[in-house]
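Worksheet: one structure, shown below.
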Amino acid sequence: MHRFANPARFLRIAAVVLPWSAAATALFLGAGLYYALIASPGDYQQGESVRIMYIHVPTAWMGMFCYTAVAVSSAVALIWKHPLADLIAKASSPVGAAFTFICLVTGALWGKPMWGTWWVWDARLTSMLILLFLYFGHMALINAFDDPTRGAKAAAILALAGFINVPIIKFSVDWWNTLHQPASVVKMGGPAIDPSMLVPLLLMAAGCKAYYILVLILRVRAEIAGAKIRTIRLMQVHGRNAA
Amino acid sequence: MMTTFFDVVHRDLRLALRQGTDSIMVVAFFVLTVVLFPFGIGPESNVLERVAPGVLWVVALLASMLSLDRLFQADYEDGSLELLSLTPAPLSVLVIAKVTAHWLTTGLPLMAAAPLLAVLLNMNADGFSTLMLAMLLGTPSLSLIGAIGAGLVLGARRGGVLVSLLILPLYVPVLIFGVGAVDAAVHGFSPKAQLLVLGAILLAALPMAPWATSAALRQAIE
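Chains as they are written, first to last, in numbering that gives the first Met the number 0: chain A, 0 to 242; chain B, 0 to 221.
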């Protein structure tokens, strides 16, 4: 892992991975959307509006995955002081927040025809909303300090403190009596969902994952460039011996 | 290590009592905000009775959160936090001592004011003892979790507002189970499960919150 701590080496690897992740995003999202919208059956009860699931579920998975990525890279940053880990946490947080937001909105749009209500305060929805607020707090804390390294470290501690929420989200539909559907894919005994619906779901999930990698590379490159600009500016202001 | 603990508790209590208005202001905020609710939602008794546990807990939470800035901020600004961190005792001991003093000057007064306000909100008498027990278990957790937030925003811009954004998501479990306990008691069920979960949250926060807070303080001091 420390081999990749050198930003220049990371940038070289990122330059190679970037076109592949862009291609994978286009391929998986394209195939997933085709299967989701056209080539898969409607639900016997819900009809065609079950197709919101193919966006709602992958974005929910990505919301939790991105928070796990933020928490893991925060732990790596705090324990090993890995220089890129802070940047990965900072770059992943807005992406995860966006996925969580899309999950909540598509869930509301799905809930209105299905359950008759835009929102209900059950365990799964409440804990996903708390996840969104944890993301906002993380992003706010990173930007709350004049010194960016100070902000990154404080946010790392916050990310780890909030990580308890992710298992709560996953198991909330088992622990509480909720309106939200219980686990159908990742559970003991294997997926309870038919392959004709499971395949588009997994394709969309793979597409979202590839999209995350694509955006992560672009954002971390931007963060590295930003750090260089800050250094140059400091050197201009304070003379060549500073920074 | 225990002498350090008692010395810091003693110091913080003396400072808080010398500036006695802080505890009084927390209780005054609690009372005034709870009193706003009958004005806002109407004085009808059964409506107030229905919302009493929730209102009491939410306002206690907010009062506890508003008082967090005097946990570390004053010491951070005049440099005594840095000096206190140089003691041979671990920084977690310092944090637990400060949180204990904070709870004694914030949580305990809130607990003292809670029965009176429960009467004002027409709460069912079955819920009183459960309310006190739940607040006894819950308010130290609020101080402990709040200490994490207070430590993280030292030196930040707009730290006071930021702390609420950081801390309120982490407060939600205490709120859910605190209100759940009182609601169960009021409706004649046993609040044992919710009280046990509140106790579990407290027992989990006791080692972990000072650890996280001392990590936050360490990188604020350097």
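Note that beta-carbon positions come from the ideal geometry of N, C-alpha and C, so glycine has one too. Since we're looking at a predicted model, the values are computed, not measured.
Rounded separation between residue i and residue j - CA only
i                     : j                     : result
residue 19 (chain B)  : residue 105 (chain B) : 11 angstroms
residue 153 (chain B) : residue 209 (chain B) : 16 angstroms
residue 46 (chain A)  : residue 28 (chain B)  : 53 angstroms
residue 174 (chain A) : residue 176 (chain B) : 14 angstroms
residue 190 (chain A) : residue 50 (chain A)  : 18 angstroms
residue 114 (chain B) : residue 148 (chain B) : 29 angstroms
residue 204 (chain B) : residue 34 (chain B)  : 31 angstroms
residue 223 (chain B) : residue 22 (chain B)  : Shown here, chain B extends from 0 to 221; a query on residue 223 (chain B) therefore has no answer.
residue 17 (chain A)  : residue 203 (chain A) : 19 angstroms
residue 169 (chain B) : residue 194 (chain A) : 38 angstroms
residue 212 (chain B) : residue 84 (chain B)  : 12 angstroms
residue 65 (chain B)  : residue 36 (chain B)  : 19 angstroms
residue 47 (chain B)  : residue 117 (chain B) : 10 angstroms
residue 124 (chain A) : residue 169 (chain A) : 11 angstroms
residue 127 (chain B) : residue 219 (chain A) : 54 angstroms
residue 31 (chain A)  : residue 122 (chain A) : 29 angstroms
residue 182 (chain B) : residue 171 (chain A) : 21 angstroms
residue 164 (chain A) : residue 95 (chain A)  : 14 angstroms
residue 72 (chain A)  : residue 123 (chain B) : 49 angstroms
residue 77 (chain A)  : residue 3 (chain B)   : 28 angstroms
residue 229 (chain A) : residue 222 (chain A) : 10 angstroms
residue 90 (chain A)  : residue 225 (chain A) : 12 angstroms
residue 157 (chain A) : residue 151 (chain B) : 8 angstroms
residue 58 (chain A)  : residue 85 (chain A)  : 24 angstroms
residue 49 (chain B)  : residue 186 (chain B) : 10 angstroms
residue 201 (chain A) : residue 174 (chain B) : 37 angstroms
residue 166 (chain A) : residue 78 (chain B)  : 40 angstroms
Per-residue DSSP class, three states only, for residue i
i                     : result
residue 46 (chain A)  : strand
residue 118 (chain A) : coil
residue 94 (chain B)  : helix
residue 235 (chain A) : helix
residue 138 (chain A) : helix
residue 186 (chain A) : coil
residue 175 (chain A) : coil
residue 109 (chain B) : helix
residue 92 (chain A)  : helix
residue 156 (chain B) : coil
residue 86 (chain B)  : coil
residue 98 (chain A)  : helix
residue 187 (chain B) : coil
residue 164 (chain A) : helix
residue 225 (chain A) : helix
residue 39 (chain A)  : coil
residue 176 (chain B) : helix
residue 82 (chain A)  : helix
residue 181 (chain A) : coil
residue 117 (chain B) : helix
residue 143 (chain A) : coil
residue 203 (chain A) : helix
residue 127 (chain A) : helix
Enclosing alpha helix (DSSP H) for residue i [first to last residue]
i                     : result
residue 218 (chain B) : 191-220
residue 68 (chain B)  : 68-77
residue 38 (chain B)  : 20-40
residue 48 (chain B)  : 44-65
residue 20 (chain A)  : 6-33
residue 148 (chain A) : 147-161
residue 193 (chain A) : No alpha helix (DSSP H) holds residue 193 (chain A); DSSP gives it neither H nor E.
residue 1 (chain B)   : 1-17
residue 132 (chain B) : 127-151
residue 59 (chain A)  : 52-79
Taking a cut of 8 angstroms between CB atoms, which residues from the stretch 112-135 of chain A lie near chain B? 125, 129, 132, 133, 135
Contact residues within the stretch 176-193 of chain B, judged by C-beta distance below 7 angstroms to chain A: none
Which residues, in chain order, does the stretch 93-110 of chain A contribute to contact with chain B at a C-beta distance below 9 angstroms? none
Listed in chain order, which residues of the stretch 77-93 of chain A have Cβ atoms closer than 9 angstroms to some Cβ of chain B? 77
Scan the stretch 144-159 of chain B for residues whose Cβ lies nearer than 9 angstroms to a Cβ of chain A and list them as they occur along the chain. 144, 147, 148, 150, 151, 152, 153, 154, 155, 156, 157, 158
Could you run through the stretch 43-76 of chain A and flag, in chain order, every residue whose CB is less than 9 angstroms away from some CB of chain B? none
Interfacial residues, the stretch 190-221 of chain B to chain A, with Cβ spacing under 7 angstroms: 211, 214, 215, 218
Mind checking the stretch 163-174 of chain B against chain A and listing, in chain order, the residues whose C-beta falls within less than 9 angstroms of any C-beta there? 164, 165, 166, 167, 168, 169, 171, 172
If contact means a Cβ-Cβ distance below 8 angstroms, which residues of the stretch 223-242 of chain A contact chain B? none
Name, going along the chain, the residues of the stretch 81-104 of chain B whose beta-carbon falls closer than 7 angstroms to a beta-carbon of chain A. none
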